[in-house]
Each structure stands twice: as C-alpha cells, then as structure tokens.
Amino acid sequence: MNATLAIAGATFGEAIRKRILMVILLAALVIILISPAFEPFAGRGQRTLILSFGFGIIQLAGTFIAIIMCTGLIPTEIERRTIYTILSKPVQRWNFVVGKYLGAVSTLAFVYVMMGMVFMIVSRISLGEFDPKIAQGLIMFFFQSSLLAAVTLFFSTFVSPLVNYFLSGGVFLMGNLMSSFLETIQRNPEVTPLTRIPIQILTVILPNFANFNIQNPIINPEQVLTDEFAYLVQTVLYAIVYIVLLLVASVLVFNQREM
Amino acid sequence: MSEYAIKINNLTKRYSGLWSQQPVDAVKNLNLEVHRGEIFGFLGPNGAGKTTTIKVLLGIIYPTSGEAYVLGRPAGDPQNHYKISYLPENPYFYDYMTGREILHFYARLFGIPEPERSRRVDALLDRVGLSRAANQPLRTYSKGMLQRIGLAQCLINDPELLILDEPTAGLDPIAHIDIRDLILELRSQGKTLFISSHQLSDVEIVCDRVAILNKGELVRMGKLEDLLSGGHVEMIAEKVPETVLEPIRQLGGRPSLHDGRLIVEQPDDGSIDRVIDLVRAHGGHIISVKPYRRTLEDLFVETIQGGRR
Ligand SMILES: Nc1ncnc2c1ncn2[C@@H]1O[C@H](COP(=O)(O)OP(=O)(O)OP(=O)(O)O)[C@@H](O)[C@H]1O
Ligand SMILES: [Mg+2]
Chain G
-12 MNATLAIAGA TFGEAIRKRI LMVILLAALV IILISPAFEP FAGRGQRTLI
38 LSFGFGIIQL AGTFIAIIMC TGLIPTEIER RTIYTILSKP VQRWNFVVGK
88 YLGAVSTLAF VYVMMGMVFM IVSRISLGEF DPKIAQGLIM FFFQSSLLAA
138 VTLFFSTFVS PLVNYFLSGG VFLMGNLMSS FLETIQRNPE VTPLTRIPIQ
188 ILTVILPNFA NFNIQNPIIN PEQVLTDEFA YLVQTVLYAI VYIVLLLVAS
238 VLVFNQREM
Chain H
7 MSEYAIKINN LTKRYSGLWS QQPVDAVKNL NLEVHRGEIF GFLGPNGAGK
57 TTTIKVLLGI IYPTSGEAYV LGRPAGDPQN HYKISYLPEN PYFYDYMTGR
107 EILHFYARLF GIPEPERSRR VDALLDRVGL SRAANQPLRT YSKGMLQRIG
157 LAQCLINDPE LLILDEPTAG LDPIAHIDIR DLILELRSQG KTLFISSHQL
207 SDVEIVCDRV AILNKGELVR MGKLEDLLSG GHVEMIAEKV PETVLEPIRQ
257 LGGRPSLHDG RLIVEQPDDG SIDRVIDLVR AHGGHIISVK PYRRTLEDLF
307 VETIQGGRR
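Here the protein sequences come in this chain order: G and H. When we follow our numbering, the leftmost residue of the first sequence carries the number -12, and every step to the right adds one. When we follow our numbering, the leftmost residue of the second sequence carries the number 7, and every step to the right adds one.
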C-alpha cells in the first residue's frame, strides 16, 4: 500500500506541474469568474445563464484534463524509462497501475475543488443564494471524469497516446449519447430487433456517462428528480464498480506488457 | 540459499517485429552463472543484448525460452526485489523532485518507515557527495550528479545484488574513479555486482569474471587473469647473427632480423630467458626487453572480430 501511495503522490506532483493541464484549469477558472459579465445577454434569466455556463465549463475542463492526463500516464513512464527503476523495486504491476490511477483521481479532485470553489463563490455573489445542489452536480461530474480517466488509463496500457485521444473521446461521446439514442430507437416500431439488439448490447457495455449529467434539474428547479438521493448513490456506485472493472482489466493487460 | 546470485539457463529473447520488421533474437541460448560476492563484467558492443538480458533478470520483459534465476528465485519474483537493485542506462527520474525527495520516493517503494527513511536518505546523499545539492530539483542536476543519484537509489535497500547498466557511460574520468571506488567498496561489503559495459578501462580493473556477448551470443566467459593471459614479450637486440633465428622459432618466438638488429615477439611463458641466453651466446647485445600484457580492450576487439569473421 505504501508503494501504491508513493506512486500516486509522485503522479499527482507531476500532473499539477504539467503546463497544459494547469492552463486548462486556469482558463476554466477565469471563464467562471467573468461569467456574470454576460448578464446583459441573459435571455432566459440570470440563474440559468450562470449555472449552465459554470457547469458546462467545468465539465468540459474536467473531461479534457482527464483525457490529456491519462493518455500519457503509463506511456510516458515507459518512454523516459522511469518505470524501470520503479518496477525493479518491490512494486508489482498492479501497485503501479493503481498508484497511477489514484494519482490521476487526486489531480481531478484538486481540479474540481478549485473550480467548484470559484463556481460556488461566483454563484453565491451574483445570485445571492447558496444552492447546495450545485455541490451535488459537481460531485457527479467528478465521478464522471474519474470514470473517463479509468477508460483512458485502460486504453493507455495497449495503444499509443494519439490513438487513445480518439478512442477515449469516442467512448465518452458514445457513452453520453447511447442511452437516449436507444430510447429513441425503442420507441420507433420500425426498428427491427436486428438493429436494436446490437445497440442495446453496446449501451450496456459502454460506460453510461449520461447518468452523471444531473445539471438540468439543478439549473431548472421545475424539473424534479424522483427519489434523488437513491439516484445519486446508485450512479456513484455504478462509477465505482465500473472503475474497479477497468482497473482489473488494465492490470491484466499491463501484466503481459513488455517494456 | 542458492550459491549463485544469478543463473541463466538457455535464455533466448526474441523481439517479434512490428509490421514489416524481422523478428530479432536479442539474446540467443545464453548460459551464465554469477557467484555471490563477485564483480561480474557483462561486456559487449552496442546491440549485443546486454540490456535485454538485464530486463529479463528484473522481470520487466519475459524470456521467449529458457529461464533465469536471481538469488535462487525465478527472475521477476517480487520477493527478490527487496534484495536487488538496478541502475538503468542513462537513468532518468521525476525531475521536478529534489535529490532528497526522489530518494524518499524510492525508500517508500520499499516501505521503509520514518525515521529510518530520513536517516538512510541523508546518509546516502552524503555518501554520493550530493548533500549540498540535496534540495535542488533534479532538472538542475548535471549528468554526473544524476548518475550519483541513480547509485544512491540503488543503495537505499542495502541490496545483496546490484545490477548496473553502463554505470560510467558519459561520465568524466574523475567520476569514473569515484564510481569504481564505490564498486570496490561494495564488493568489500560482500555484495554481488553485475555490471554491463561496452567501455573497458574501468571494468578491467575491478571485475573478477567477465562474459563477452556479441549479437546475442556468449562468445567468451571466464576469470580475467585467464582471459588476459597469453600476452607477449618483445625483445630487441643488436649484432645478432642469422644462426639464432631457427632456435628462437623452435622456442615459439617470432623473430625478424635486419642488418644484425633482431626483434623477437616471444610468448609470455618464461621462454624469454632461453632466448636471451641464446642471443648472448651468439655474441648478440640486448637493447631492451619489454612485456606486452593483453588488455581487456585487445581481448574484446579480438573476440568480437573473431565472431564477425
Ligand atoms: N523493445 C525492443 N523491440 C525490438 N527490438 C529490440 C527492443 N529492445 C532491444 N531490441 C533489439 O535487441 C538487440 C539488443 O539490444 P540491447 O538493448 O539488449 O543491446 P545492448 O547490449 O544493451 O546495447 P547497448 O550497448 O547499445 O546498450 C538490438 O538489436 C536491439 O535493436
Ligand atoms: Mg544497453
């Protein structure tokens, strides 16, 4: 455990010094800070503007940071040969993979805390109220990014970073759209089972990223989530189970890997 | 406890080429034993398969066939890694960390707890002469300083076996001597050292045994004295008549005579005494007698060129 945590710590230390990640974080923070300045354009009302703007930026930044950080997590270690001194210590490959992932998730936590704090301060000041649901939305996004990070890490054990950008980006988009696509198809009687079943299978296999997008009911309080608490717990559990499965798969692939 | 620090049986490692590339046998049917407590030189030109063999020993890559044992356990067994350490060629470390932080990092990989960890790190920084630079980030370190940090991380677990891949590559002569002294000091503490190199001057002095690898195949292995024996002695004499030539040839020498000046290349087997007697008995006048020991460099060049023929 000590070794895993040491690797996680080193990964975090390196990630928060990575310029591209910090530029994205900084840009997101600046945009959230200046979002109240767009008030004059707010047709649908100030609340909608500030909240949807903030949620959108945070999700975008979290997504990019997760993918950019995790594509390089393992390939960079191999390329510059830091992995050799690590694996020649009493560190098993699963320690390494899990340590890298925990480091990535700590980085995401740091990024979300920074963005979340600024977002909540901005909305408190400009809306005059503090809505604890904002925190719920951010937590869901954090789990969404953490799941995406696990997807990217998994791909990084066997594809190059460039390919990984497209693969992870593709899985993220599909995972966001598949469930509503499937609903549409199921409502359409003309779709044959031959088309429907593969899509159904794909929807089950791909991580369902749409579950985490709970910003709409927060932005528009008239939409109500039924049994909200159960839904949140269920979604978080879904993320954790899926992440564990991806980590197990990553370790299995990485164990076979030659460097 | 196994008597061997390293035992390699019939090891072959094939890199299956990607796409159009041919598969490469980086190591072919290698058999090797390294005894505990010795300094073993693992020599060969670029691309000979030295690093590949080392990676197999560490479990970073897997053998295509054959097997390797380290400290009596199969290569890659996690238990081994408490007792061995490795310095890669041209090591690179997380360069945002300071010298002290990186050593703490490696110590944590062994689960060494505080305050023991700090004690060891400080002692090692002192030992490799980096105490003053300990709080500078590694990206400000010179190549020699990085190599010393590399050696320090090798010693953090007080290992029984050290595997050093090109430990002196790219270092200046003074740094060479420092590293050589450290290697000797480690041997006197009873540690086993497995040192890969394609440079010879440093290794020559310290290795007990060497193996020479070329194109993945072992071409020579043995005690240094044995491999280096068979040098020659050169004698120069004047006023020598032609009648000595034949007896010298019979003693195994290679004489050449011009205008009474004789140059003899005699094997280094004591027969030079008889040659001197002969020359003097024929009225010759000895100018010089000079031994030429074979160097490891010579052996290396002979062996590799022999292998290429
Ligand atoms: N990952 C790899 N994939 C394919 N071929 C490889 C790989 N690593 C090494 N090789 C090939 O295996 C052979 C042996 O390489 P190796 O690195 O073991 O040599 P070396 O003796 O350490 O050489 P050097 O003195 O240059 O470090 C070379 O022909 C090299 O091209
Ligand atoms: Mg090498």
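Even glycine gets a Cβ: it sits at the ideal position worked out from N, Cα and C.
Taking the Cα positions, residue 87 (chain H) is about 16 Å away from residue -12 (chain G). Of the other Cβ atoms in all chains shown, fewer than 16 fall within 10 Å of the Cβ of residue 153 (chain G); this residue is therefore exposed. Against chain G, a Cβ distance below 9 Å from residue 66 (chain H) picks out 70, 71, 74, 75, 245, 246. At least 8 Å separates the CB of residue 48 (chain H) from every CB of chain G. Nearest CB-CB separation between residue 173 (chain G) and chain H: not below the 8 Å threshold.
The beta carbon of residue 127 (chain G) lies closer than 6 Å to those of 199, 201 in the same chain, with the five residues before and after it left out. A residue is listed when its beta-carbon falls short of 6 Å from at least one non-hydrogen atom of ligand 1; in chain order these are H:21, H:30, H:32, H:50, H:52, H:53, H:54, H:55, H:56, H:57, H:58, H:95, H:204.
With 16 or more neighbouring CB atoms inside 10 Å of its own CB, residue 56 (chain H) falls in the buried class. Chain-ordered, the chain H residues with CB closer than 8 Å to the CB of residue -3 (chain G) read 100, 103, 111.
By the Cβ-count criterion, residue 177 (chain G) is exposed, with fewer than 16 other Cβ atoms from all chains shown falling within 10 Å of its own Cβ. Residues of chain G with a Cβ closer than 8 Å to the Cβ of residue 176 (chain H) do not exist; the shortest Cβ-Cβ separation is about 15 Å. Ligand 2 has a heavy atom closer than 7 Å to the beta-carbon of residue 171 (chain H).
Under the three-state reduction of DSSP, residue 287 (chain H) is assigned to helix. When CB distances to chain G are screened at a threshold of 9 Å, the residues of the region 85 to 98 of chain H falling below it are 85, 86, 87, 88, 90, 91, 92, 93, 94, 95, 96, 97, 98, in chain order.
In chain G, no part has a C-beta under 9 Å from the C-beta of residue 161 (chain H); the shortest such distance is about 13 Å. Not one beta carbon of chain G lies nearer than 8 Å to the beta carbon of residue 55 (chain H). DSSP places residue 151 (chain G) in the helix class (H, G or I) of the three-state scheme.
Under the three-state reduction of DSSP output, residue -12 (chain G) falls in the coil class, being neither helix nor strand.
With a beta-carbon spacing of about 11 Å, residue 147 (chain H) and residue 140 (chain H) fall beyond the 8 Å limit used to define contacts. Look at the region 113 to 125 of chain H: the residues with a C-beta under 7 Å from a C-beta of chain G are 114, 115, 116, 117. Separation of residue 75 (chain H) and residue -7 (chain G) (C-alpha to C-alpha, rounded to the nearest whole angstrom) is 29 Å. Counting other Cβ atoms within 10 Å of its Cβ, residue 165 (chain G) reaches 16 or more and is therefore classed as buried.
The beta-carbon of residue -11 (chain G) is placed less than 8 Å from the nearest beta-carbon of chain H. For residue 240 (chain H), the three-state secondary structure derived from DSSP is strand.
The region 163 to 172 of chain H and the region 55 to 69 of chain H touch, with no fewer than 3 CB-CB distances between them shorter than 8 Å. Not flagged as an interface residue toward chain H: residue 84 (chain G), since no C-beta distance is shorter than 8 Å. Between the C-alpha atoms of residue -3 (chain G) and residue 191 (chain G) there is a straight-line separation of about 35 Å. Around residue 54 (chain H), the same chain offers 219, 220 as residues with beta carbons nearer than 6 Å, after the five sequence neighbours per side are excluded. At least 8 Å separates the beta-carbon of residue 144 (chain H) from that of residue 73 (chain G). Of the candidates G:195, G:22, G:215, G:37, G:195 places its Cα closest to the Cα of residue 228 (chain G). A direct Cα-Cα distance of roughly 18 Å separates residue 66 (chain H) from residue -10 (chain G). Measuring C-alpha to C-alpha distances from residue -1 (chain G) to each of G:108, G:207, G:85 identifies G:85 as the nearest.
By the criterion of a C-beta distance shorter than 7 Å, residue 143 (chain G) is surrounded in its chain by 57, 58, 60, 61, 62, 151, once the five residues flanking it on both sides are discounted. Excluding the 5 residues flanking it on each side, residue 268 (chain H) has same chain C-beta neighbours closer than 8 Å at 241, 242, 243, 244, 246, 250, 261, 262, 285, 290, in chain order. Think of a sphere of 7 Å around the beta carbon of residue 59 (chain G): no beta carbon from chain H falls inside it, the nearest being about 14 Å out.
One thing to note: residue 177 (chain H) has its Cβ within 8 Å of the Cβ of residue 149 (chain H).
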